[in-house]
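Okay, so here's the structure we're looking at.
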Amino acid sequence: MLMNNEARNDAGAGPDADGPSDWVRRWLPEASGSGRVLDFACGRGRHARLAAERGHSVLALDRDPACLALNRIPGIEARVADLEADAWDWGSERFAVIVITRYLFRPRLDLLLGRLADGGCLIYETFAQGHGRYGRPSRPGHLLQPDELFIAARRAALRVCAFEQGSVSQPRQAIVQRMVAWRSNQPQSLR
């Protein structure tokens, strides 16, 4: 497991509004499990598109109706959803991969992690404490505390294989926390 106080400062390593996050690009190929990918709080679908391009079936959820344009892309089912609502209409569905970037709503985090299938992979990257000096989000409720993702994963009995937190400068200055964790010791095949 990689764990440090300064997140890698590689080109394109931080959250990016235009293209897929380098963190997601790096880890999605490793997340080889059978089942659907959930892109939670998908925005314009940068990660849903990446997963679909790699042959995965994707459920893309966002509160913005603009996400429905993703339904035109083969392999993607996009839905508008109140991500912070009391009830989610997913039945008993579990996901082989859950991708979450630039989103945090603590009251639903444990429930969301519970949607990860056995053998499934969580890929998470969002802003952390201290980011406010660089812009939004800046409210403490929208910023992860030190080691918060790691602690949440352990609470959910996930096996953390990569964890980073700290400052990145590319593609823009940010304080981030990012993690990859598995539901079990044996990853599955996505195809």
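The sequence shown begins at 1 in the UniProt record's numbering and counts up by one. Backbone N, C-alpha and C fix where the C-beta goes; we use that ideal spot for every residue, glycine too.
Paired residues, beta bridge with residue i - DSSP
i      : result
Phe127 : Val176
Ile76  : Val58
Val168 : Ala174
Asp39  : Ala60, Val99
Leu122 : Ile98, Ala181
Leu144 : Ala128
Which of helix, strand or coil DSSP assigns to residue i
i      : result
Gly19  : coil
Arg183 : coil
Ala69  : helix
Leu149 : helix
Ala157 : coil
Leu116 : strand
Leu104 : coil
Arg136 : coil
Arg44  : coil
Gly12  : Because the pLDDT at Gly12 is just 34, under 50, the model does not fix this residue reliably, and the point stays unresolved.
Ser189 : Model confidence at Ser189 stands at a pLDDT of 47, short of 50, so the residue's coordinates are unreliable; what they give is reported in the following sentence. Three-state DSSP puts Ser189 in coil, outside helix and strand.
Leu83  : coil
Trp27  : helix
Glu93  : coil
Integer-rounded CB distance, given that residue j should sit under 8 angstroms from residue i
i      : j      : result
Thr101 : His47  : 7 angstroms
Leu50  : Pro20  : 5 angstroms
Val99  : Phe40  : 7 angstroms
His131 : Pro140 : The pair is not a contact, with the Cβ atoms about 10 angstroms apart (cut-off 8 angstroms).
Proximity below 8 angstroms, CB of residue i to CB of residue j
i      : j      : result
Asp70  : Gly35  : According to the sequence provided, residue 70 is Leu. The question's Asp does not apply to it. It is not a contact, given that the beta carbons lie outside the stated cut-off.
Val180 : Ala96  : no
Trp23  : Arg178 : yes
Leu144 : Leu113 : no
Thr126 : Val176 : yes
Gly43  : Ser57  : no
Arg94  : Leu109 : no
Gln173 : Pro146 : no
Minimum Cβ-Cβ distance from residue i to chain B less than 8 angstroms
i     : result
Trp88 : Note that chain B does not occur in the displayed structure, where there is just one protein chain.
Does the structure place the region 55-69 close enough to the region 119-139 that three or more beta carbon pairs sit under 8 angstroms?
Judged by pairs of C-beta atoms under 8 angstroms, the region 119-139 does not touch the region 55-69, as fewer than three such pairs exist.
Per the contact definition of three or more C-beta pairs closer than 8 angstroms, is the region 83-96 in contact with the region 161-175?
Between the region 161-175 and the region 83-96 there are fewer than three inter-stretch CB-CB distances shorter than 8 angstroms, so the stretches are not counted as touching.
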